[in-house]
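Participant: First residue of the sequence shown: 23, per my numbering; consecutive thereafter. Don't be surprised by glycine CBs; every beta carbon is placed ideally from N, CA and C.
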Amino acid sequence: MRIVIVGAGVMGSATALELAQKGVKEIIVVERSVPGAEASSAAAGMLAAQIESRDDAELDGFVAARNAYGAWAWALRDKTGIDIGHHQTGALCIYREEALAAEARRKVEAQRAHGLAAEWLDGAGARRVEKELADDILGAAYFPDEAQVEPPRLVRALAAATAQAGIVMRTGTTVSTLLSEGGRCAGVSIVSGDGAREVLRADAVVLAAGSWSSLVPGIPEQLPRVRPVRGQIVMLEERSPRLRSIVFSDHAYVVPRGDGRVVCGATMESVGHCREITAAGIHKVLANTLSIAPRLGEAALVSSWCNFRPLVVTRTGEPGVPLVGTTPLPGLFIATGHHRNGILLAKAAAEAVANAITGAL
Ligand code: GLY
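What follows is the structure, encoded as structure tokens:
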């Protein structure tokens, strides 16, 4: 059985590994750049299951995905020697407005009733958990089990593990079209960096091209579209590490790595694939950051970057759910559209797609 995966981000690479573990012998990952070149290595790496979930159905899936990371991190380190920086640092969501705080208290109560660790803290209580917080906050929802990983390390660990598993990575190679024959997907046509064209026939193809997934020629018309949502991120460095917890303020957040580096994000912008760091974007991120922890104003600004979250959009223009599993074209499978939660859900999505493929073939 030969399986071709389009895209070597965390979705494509993790799916390749799952398939290899299920005994699939011939797996080829086609990547136009290098593994994890886009959103996968640009992400902040929060495993913020309890904060990012929007309803009970998501909550269960997100928490299971977060809790599975410990074993995955261990397995990847065991295989490759690479530590993906998995740490249970806990997360606070801070509030300054009573109406929003009341809503947050209800969320905390609901999650506690669900058996999850969650606590409402007043301002002083929140500053006992994270002493760097601004002193004008009303209170915070505290989720001590939330965690983080370092996406660039995760990407390197996945690249090393896929190589060890004998998975072929065709980097610098673009898919010019999916091939359809007799009403099913039969492989892909590819163009290598030197312009050489080739057909890769396959029993199944997995589309895992992130926010570029809808641009791959030959995808079925009926598939919901995936649109890019740009996020701009800043990396600060504290001379002496002070911040310890992940802190959210609305969609803005700071993610301290524990060694002085603090990832600060992120904008949410619908600007197509316009890869630009803008003055307004960085201004917004830094303003949010300093409103969370004013002393970060003393930290050095060491880098900034941007990339594109893959957001599924329905025919009526509403945000949709991630695309994971089968598609309207037999033989074509998909793993994309995880928007703000691609790192969190990578392993769970990879398992679901691998099961769908091995169940169907
Ligand atoms: N998961 C955080 C973000 O997408 O910015």
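Could you tell me which residues DSSP pairs with E291 in its beta bridges?
Facilitator: R252
Participant: Hey, V190 and V256 are a contact pair by Cβ (cut 8 Å); roughly how many whole angstroms apart?
Facilitator: Taking a contact as a CB-CB distance under 8 Å, the pair V190 and V256 does not count as one, their CB atoms being some 37 Å apart.
Participant: Taking V52 as the reference, which of R317, S198, G205, P278 has the closest Cα?
Facilitator: S198
Participant: Would L69 pass as a contact of L265 if the rule is Cβ separation under 7 Å?
Facilitator: no
Participant: Quick check on the burial criterion: 16 or more other C-beta atoms within 10 angstroms. Buried or exposed for R261?
Facilitator: Residue environment for R261: exposed (fewer than 16 other C-beta atoms within 10 angstroms of its C-beta).
Participant: Please enumerate, following chain order, all residues with a beta carbon closer than 6 Å to at least one heavy atom belonging to the ligand FAD.
Facilitator: In terms of ligand content, the structure shown lacks the ligand FAD and carries the ligand GLY instead.
Participant: Report the option in I304, F270, P352 whose CA atom is closest to the CA atom of E116.
Facilitator: Reading off the sequence shown, one finds Ile at residue 116, where the question assumed Glu. Distances from the alpha-carbon of I116 to those of I304, F270, P352 put F270 closest.
Participant: Any idea if H361 is buried or exposed, counting beta-carbon neighbours within 10 angstroms, 16 or more meaning buried?
Facilitator: Buried, by the Cβ-count rule.
Participant: Output the distance between the C-alpha atoms of E131 and A87, rounded to the nearest integer angstrom.
Facilitator: 22 Å
Participant: Hey, E298 and G282: beta-carbon distance below 7 Å or not?
Facilitator: No, they are not a contact pair.
Participant: Grab the span of the beta strand (DSSP E) containing R192 for me, first residue to last.
Facilitator: 190-192
Participant: Any idea what DSSP makes of P174, helix, strand or coil?
Facilitator: helix
Participant: Please name the residue, chosen from A179, E152, E40, S75, that lies closest to D100 on a Cα-to-Cα basis.
Facilitator: A179
Participant: Against chain D, does R252 count as a neighbour if the rule is that its beta carbon must be under 7 Å from one of theirs?
Facilitator: In summary, chain D is missing from the structure at hand, where a single protein chain is found.
Participant: Between the alpha carbons of E60 and L39, how many angstroms are there, rounded?
Facilitator: In a straight line, the C-alpha of E60 is about 19 Å away from that of L39.
Participant: Please work out which residues of its chain come closer than 6 Å, Cβ to Cβ, to D105, disregarding the five sequence neighbours upstream and downstream, and give them in chain order.
Facilitator: R99
Participant: I'd like the list of long-range same chain contacts for V213, defined as Cβ closer than 6 Å, with 5 residues on each side in sequence excluded.
Facilitator: Cβ neighbours of V213 beyond the five flanking positions: T196, S198, R219.
Participant: Which residues does DSSP list as the beta-bridge partners of C286?
Facilitator: V256, V276
Participant: What are the boundary residues of the beta strand (DSSP E) that I106 is part of?
Facilitator: Where I106 is concerned, there is no enclosing beta strand (DSSP E), given that its DSSP letter is neither H nor E.
Participant: Straight-line CA distance for P350 to T193?
Facilitator: 28 Å
Participant: Take R249 and list the residues in its own chain whose beta-carbon comes closer than 6 Å to its own, dropping the five residues that flank it on each side.
Facilitator: L333, V335
Participant: I'd like the list of long-range same chain contacts for G253, defined as Cβ closer than 7 Å, with 5 residues on each side in sequence excluded.
Facilitator: Hits under 7 Å: G287, A288, T289, M290, C328, N329, R331.
Participant: Report buried or exposed for G137, applying the criterion of at least 16 other Cβ atoms within 10 angstroms of its Cβ.
Facilitator: exposed
Participant: When the Cα atoms are used, what is the spatial distance from H273 to L354?
Facilitator: Roughly 34 Å between the two C-alpha positions.
Participant: Is it true that the CB of G107 sits closer than 7 Å to the CB of E168?
Facilitator: no
Participant: N310: buried (16+ other C-beta within 10 angstroms of its C-beta) or exposed?
Facilitator: In this structure N310 is buried. Its beta-carbon is surrounded by 16 or more other beta-carbon atoms within 10 angstroms.
Participant: Hey, how far is the Cα of E141 from the Cα of G58?
Facilitator: Rounded to the nearest whole angstrom, the C-alpha separation of E141 and G58 is 36 Å.
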